[in-house]
Amino acid sequence: MAVKLKICGITNLADAWTAVESGVEWLGFNFYLQSPRYIDPAAARTIIKQLPEHVICVGILVKPTLAAARRIAAISGVRWLQLYDPLDFTDLNQLPLPAILCLNPETYPAESALYRNATMILFDNRTNSRVGGTGQTFDWNRIPDSIPGEKLILAGGINPDNVQEALKQVAPAIIDVASGAERAPGIKDPRKIKSLVNQIRNYNHLFTTQQE
């Protein structure tokens, strides 16, 4: 299984193209007003419309109602939704798009039991004041073995210096990076993105070679 890279917190077209031209296939747009990487859904749509069709754009929502999630999905033009703590719905099949459910490893599996039909599961670190984009890792040993690798997304403090360890220890389907690919909040660093892409590409090549 080839690991993909998702660059989260895209706020402008230049950064989106930098990521895509480096080989990134997943981009995240943060619709949480309190995030330093917030982007208006209509502004995200303007960016998304100018990207190649193979790029999968994800909308990040924190404590959304079902109505808000549906509305933002329609306005933004994203193809997936990434949800932290949905407020008034538990069946993610009620959404119009595939859903990534974001969980805290400290409260799994009780938190997971509240929701149904997530397409993928994302484990992320959280602080009392911020959901996602904290720049802090967590104990990857807390990720349950019961979640198949093809459904697993790993986030939380991943950067060019520790991505190799994340790949070796967790081997998720997707590595999700926000602050670890930036030079300032919401402003991406092309060198960091390229380093992440190259390291994941090398890991995938080595894994494929070992399977032959």
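For what it's worth, the numbering used here labels the leading residue of the sequence shown as 71, then goes sequentially. Ideal Cβ positions, reconstructed from N, Cα and C, are used throughout, including at glycine. In this text the structure is predicted, and so the values were computed from the model without any measurement.
Distance, residue j Cα to residue i Cα
i, j, result
"serine 146", "aspartate 209", "34 Å"
"tyrosine 185", "threonine 278", "35 Å"
"isoleucine 263", "alanine 251", "6 Å"
"isoleucine 77", "alanine 112", "19 Å"
"glutamate 95", "valine 240", "20 Å"
"leucine 136", "alanine 180", "21 Å"
"asparagine 232", "valine 267", "13 Å"
"alanine 183", "leucine 224", "19 Å"
"alanine 143", "proline 122", "19 Å"
Residues near residue i in its chain [Cβ-Cβ closer than 8 Å; skip 5 each side]
i, result
"asparagine 187", "Asp161, Leu162, Asn163 and Ala169"
"tryptophan 150", "Ile126, Cys127, Val128, Gly129, Leu167, Pro168, Ala169, Ile170 and Thr189"
For residue i: DSSP bridge partner residues
i, result
"glutamine 239", "Its beta-bridge partners do not exist; DSSP assigns none."
"isoleucine 223", "Leu192 and Ile244"
"arginine 186", "Asp161"
"asparagine 100", "Tyr108 and Ile130"
"isoleucine 170", "Gln152 and Met190"
"leucine 75", "Ile245"
For residue i, the three-state DSSP class (helix, strand or coil)
i, result
"arginine 253", "strand"
"aspartate 161", "strand"
"lysine 119", "coil"
"serine 199", "Any reading at serine 199 needs caution, since the residue's pLDDT is 48, under 50, leaving its predicted position unreliable; the model's value is listed next. Here serine 199 sits in coil by DSSP."
Same chain only: Cβ atoms within 7 Å of residue i, ignoring 5 sequence neighbours per side
i, result
"proline 134", "Leu153, Pro156 and Leu157"
"threonine 88", "Lys258, Pro260 and Ile263"
"glycine 79", "Gly98, Asn100, Arg107, Gly203, Ala248 and Gly256"
C-beta neighbour in chain B for residue i, strict 9 Å
i, result
"arginine 107", "Looking for chain B here will not work: only one protein chain is present."
Anticipated Cβ contact below 8 Å, residue i with residue j, distance rounded
i, j, result
"arginine 271", "glycine 93", "7 Å"
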